[in-house]
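Residue numbers (numbering that gives the first Met the number 0), protein chains in the order written: chain H, 0 to 251; chain L, 0 to 312.
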Amino acid sequence: MNKIVEIRDLKFSYPNGNNVLNGIDMNFYGSEICGICGPNGCGKTTLLKIIAGIFKKYYGDIRINNCELSSLGYKEISRLVSYVPGDINTPFDFTVYDVILMGRAPYLGFMDSYSNSDRKAVVDVSDMLGIGYLSERYFSSLSNGEKQIVLIAQSLVQKTPLILMDEPTSHLDINHRLKIFDTLKKVSEKEGVSILVVIHDIKLAADYCNRLVFIKNGVISLDSRADNIINSIEKLSDIYSISPASVKRYIV
Amino acid sequence: MNNRIKIIISVAVFISLSYLSLSLPFGCDSDILINLRIPKFLGIFISGFSLATAGMVLQLVTKNPLADPFVIGTSAGSMLAIILLEILGIYSYGFVSFFFITISALFFTYLAYRISRFSNSASINMLLSGVAVNSFVLSIIVLFVIFSKEQSLYFFHLSFGSFSYSNYTSIIYSFLTIIVSSVFLLIMMNRISILSFDEEKASTLGVNVERIKFILFIIVSLLVSASVSLSGIIGFIGLMIPHITRYFFRGMSLKSLFLMNSVYGASFLLLADVISKKFFYPLEIPPGVISSIFGAIFFIYLVMGSNGRKRTN
């Protein structure tokens, strides 16, 4: 399997002195969906934002497709990694079509405007995800589930080998949760991209991900195949500080 | 109504307002036209254009629909530089003066931005720190106005906006400024659009957020200086006009929106000028005052109207 991301001894603290990550070591491989779990405030989102190039002041090495992350500019990172935030509130009126089209921005030159092939990519991805009917709607008028799918579409037209997602299903009902993860599974199989998804729902994660990584106190405390998670109940009860019986009741 | 029809009507209104502003009162006399009315007309056009555009840029950058160069302290920054240069007796309408005015505007705008960055980066904070910076600078301006006895009236006029002091040299500088700024804005339009969608998302779409913001603050300072050096401080245009254009041309591409925004900005000040000439002649009422009075009423109507529609949906 080809290695997409390689993280060595990653440390990060916020300007207020709060140490969030204390030495993360891990690899991510092509065409896998990897769930990142852990208690609130354990640094899941921070890890995602570092890999996405939003937080720049970290210690350690991150290599994406064998390129050192800190040596890449914004444009270069945006061609390797796309980031899907949990939710976006914009006070302005953007049509869904325009929002998805923004995903092509990494490929624009200094004075370029979007080309016909950029526009075709938007139409293709919208059709694949079945959201073509939304394209004239305003992004701000969509439901949370629709917004999330539009943001996924935006990151798909970005055509990056790695997609990062921050709690894509936290505001959604069961129907939309399943729909989004079905979409992710389809995308990862069809396009061969690897997806890193921060998620709280361990059961959902175990169903759809290939691999689950648990972070606690800024280090990786469990890294397991998703179908094997049932054998790590002791460990999980330690990570979430709840009894093994509760863990069992929740994930089985 | 079709967007194209709206654009045609807007441009027609703009042209007729231009004609009225040039011909009122008592028709066109070539001498008056060249020496008084055309400079004043150009001044009004440039001010409306640049303030509306600056307001639009600030609202997009801060993602706050209340942002405006007058609220955030950019206008006051330019004004302070003009007053300082006047008091030192070195104010000319030349390049060096214009440069200082722009630097001062940029300094106070960026100051407001940096202060907002000390706390959590919620966009509302740029507005709060801007209000603080603005009132600080305005107080200094008032101090200068009080202590400089001979020029008090002139400064007083400038701080409420007046086009009686426009001359061709400053008009040329301001005109060049709005052209250069518009070209830069056009080049950066895609990036501005992404930035106003979401900042973190923008940085993962290949936009260097801090750099773009700094460039946009420079452009805003240039635009505001172009206006302030012609007419002093005119408030409210930069706040109100972008709302009106976004409301009329909902969903139109950002490029066309900017264009219509500047046309509306100019039209609005021209309308104020026409009203002032038609109803208050021979008194000289500053267009900024008229535009704020009528604009505020219209604006409130618009805000209430759009809320009403949201509730019924």
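Glycine residues also receive a C-beta, built at the ideal position from the N, C-alpha and C atoms.
Is the distance from the Cβ of residue i to the Cβ of residue j below 8 Å?
| i | j | result |
| --- | --- | --- |
| H/VAL83 | H/PHE138 | no |
| H/GLY85 | H/GLU166 | yes |
| H/VAL149 | H/VAL95 | yes |
| L/LEU269 | L/ILE43 | yes |
| L/VAL223 | L/SER74 | yes |
| H/THR256 | H/VAL80 | A question about residue 256 of chain H goes unanswered here, because the residues of chain H that appear run from 0 up to 251. |
| H/PHE91 | H/TYR57 | no |
| L/PHE107 | L/GLY160 | no |
| H/MET101 | L/PHE135 | no |
| H/VAL186 | H/VAL156 | no |
| L/LEU16 | L/VAL273 | yes |
| L/PHE247 | L/SER291 | no |
| L/LYS276 | L/LEU32 | no |
| L/HIS156 | L/GLY237 | no |
| L/SER165 | L/PHE154 | no |
| L/SER192 | L/LEU142 | no |
| H/ILE53 | L/GLU199 | yes |
| H/CYS33 | H/CYS208 | yes |
| L/PHE48 | L/GLY264 | yes |
| H/GLY144 | H/LEU171 | yes |
| H/LYS215 | H/GLY37 | yes |
| H/LEU133 | H/LEU141 | yes |
| H/TYR249 | H/ILE173 | no |
| L/THR101 | L/LEU19 | no |
| H/ARG136 | H/PRO105 | no |
So which of the options has the shortest CA-CA distance to residue i?
| i | options | result |
| --- | --- | --- |
| L/VAL206 | H/SER30, H/LEU107 and H/SER12 | H/LEU107 |
| L/LEU204 | H/GLN153, H/GLU190, H/ALA205 and H/TYR249 | H/GLN153 |
| L/SER266 | L/LEU84, L/ALA51, L/LEU152 and L/ILE102 | L/ALA51 |
| L/SER9 | L/ALA295, L/ILE284 and L/SER255 | L/SER255 |
| L/VAL208 | H/SER70, H/ILE32, H/CYS36 and H/LYS74 | H/LYS74 |
| L/VAL219 | L/SER180, L/ALA111 and L/LEU23 | L/SER180 |
| L/ARG190 | H/LEU163, H/ILE250, H/CYS208 and H/SER112 | H/SER112 |
| L/LEU79 | L/ILE171, L/LEU258, L/VAL144 and L/GLY47 | L/VAL144 |
| L/LEU185 | L/SER161, L/ILE214, L/GLY47 and L/LEU157 | L/ILE214 |
| L/PRO320 | L/TYR109, L/ASN63 and L/SER163 | Residue 320 of chain L is absent from the model: chain L starts at 0 and stops at 312. |
| H/ASN21 | H/LEU9, H/TYR13, H/LYS184 and H/ILE130 | H/LEU9 |
| L/LEU84 | L/ASP272, L/SER46, L/SER228 and L/ALA295 | L/SER228 |
| H/GLY59 | H/ARG7, H/TYR207 and H/ASN209 | H/ARG7 |
| H/ASN17 | H/PHE109, H/THR45 and H/ASN1 | H/THR45 |
| L/ALA53 | L/SER128, L/SER96 and L/ILE177 | L/ILE177 |
| H/LYS206 | H/ALA225, H/ILE76 and H/LYS215 | With the sequence shown as reference, residue 206 of chain H is identified as Asp, and Lys is not the correct amino acid for it. If we check each option's Cα against that of H/ASP206, H/ALA225 comes out closest. |
| L/ILE171 | L/PHE94, L/GLN150 and L/SER275 | L/PHE94 |
| H/ARG176 | H/LYS146, H/ILE162, H/GLU188 and H/LEU161 | H/LYS146 |
| H/ARG62 | H/GLY144, H/VAL4, H/ARG103 and H/LEU133 | H/VAL4 |
| L/SER226 | L/LEU175, L/MET239 and L/ILE299 | L/LEU175 |
| L/PHE69 | L/PHE40, L/TYR18 and L/LEU127 | L/LEU127 |
| L/ALA271 | L/THR61, L/VAL262 and L/VAL288 | L/VAL288 |
| L/LEU152 | L/ILE82, L/LEU35 and L/ILE89 | L/ILE82 |
| L/GLN58 | H/ILE162, H/PHE109 and H/THR89 | H/THR89 |
| L/ILE328 | L/SER138, L/LEU137, L/PRO64 and L/GLN150 | This structure gives no information on residue 328 of chain L, because the portion of chain L shown stretches from 0 to 312. |
Any C-beta of chain C sitting closer than 8 Å to the C-beta of residue i?
| i | result |
| --- | --- |
| H/LEU107 | The displayed structure is made up of protein chains H and L, and chain C is not among them. |
How many whole angstroms separate the CB atoms of residue i and residue j, which I take to be in contact at a CB cut-off of 8 Å?
| i | j | result |
| --- | --- | --- |
| H/LYS43 | H/ILE50 | In fact, because the Cβ distance is near 11 Å, the residues do not count as touching under 8 Å. |
| L/PRO241 | L/MET55 | 4 Å |
| L/LEU194 | L/ILE217 | 15 Å between Cβ atoms; not a contact. |
| L/ILE14 | L/MET259 | 14 Å between Cβ atoms; not a contact. |
| L/MET251 | L/ASN1 | Not really, about 11 Å apart at Cβ, beyond 8 Å. |
| H/SER220 | H/ILE238 | 6 Å |
| H/LEU211 | H/ILE228 | 6 Å |
| L/GLY76 | L/SER103 | 5 Å |
| H/THR168 | H/ILE179 | 6 Å |
| L/TYR92 | L/SER169 | 4 Å |
| H/SER223 | H/SER231 | 6 Å |
| L/PHE298 | L/MET239 | 5 Å |
- Message: I'd like the ranges of any alpha helix (DSSP H) spanning at least 4 consecutive residues and lying wholly in the region 172-240 of chain L.
- Response: Residue ranges of uninterrupted alpha helix (DSSP H) with 4 or more members, entirely inside the region 172-240 of chain L and ordered along the chain, are 188-196, 198-203 and 208-230.
- Query: Okay, do the region 23-40 of chain H and the region 183-196 of chain H touch, 3+ Cβ pairs below 8 Å being the bar?
  - Reply: A contact is defined here as three or more CB-CB pairs under 8 Å, and the region 23-40 of chain H meets this definition with respect to the region 183-196 of chain H.
- Task: At 4 residues or longer, and completely inside the region 212-249 of chain H: list those alpha helix (DSSP H) runs for me, N to C.
- Result: Within the region 212-249 of chain H, the complete alpha helix (DSSP H) runs of at least 4 residues are 232-239.
- At least 3 beta-carbon pairs within less than 8 Å: the region 115-128 of chain H vs the region 59-66 of chain H: Output reads no: the region 59-66 of chain H does not touch the region 115-128 of chain H.
- Segments assigned alpha helix (DSSP H), at least 4 residues, entirely inside the region 53-78 of chain L: DSSP runs (the alpha helix (DSSP H)) wholly in the region 53-78 of chain L: 68-71.
- Which residue spans inside the region 231-292 of chain L form an unbroken beta strand (DSSP E) run of at least 3? Taken in chain order, no unbroken stretch of beta strand (DSSP E) lies wholly in the region 231-292 of chain L with a span of 3 residues or more.
- In the region 82-110 of chain L, which residue ranges form an unbroken beta strand (DSSP E) of at least 3 residues, counting only runs that do not cross its ends? Note on the region 82-110 of chain L: there is no whole beta strand (DSSP E) run with a minimum of 3 residues.
- Message: Report the start-end ranges of each beta strand (DSSP E) in the region 143-189 of chain H that is 3 residues or longer and not cut off at the edges.
- Response: The region 143-189 of chain H is shown to contain whole beta strand (DSSP E) runs of 3 or more residues at 161-165, in chain order.
- Message: Please give the ranges of any alpha helix (DSSP H) in the region 110-160 of chain L, keeping only runs that are unbroken, at least 4 residues long and fully inside the region.
- Response: As summarised for the region 110-160 of chain L, the continuous alpha helix (DSSP H) elements at least 4 residues long and confined to that stretch are 123-146 and 151-159, given in chain order.
- Query: Enumerated in chain order, which unbroken segments of the beta strand (DSSP E) with a length of 3 residues or greater are wholly contained in the region 7-56 of chain H?
  - Reply: Within the region 7-56 of chain H, the complete beta strand (DSSP E) runs of at least 3 residues are 18-28 and 32-36.
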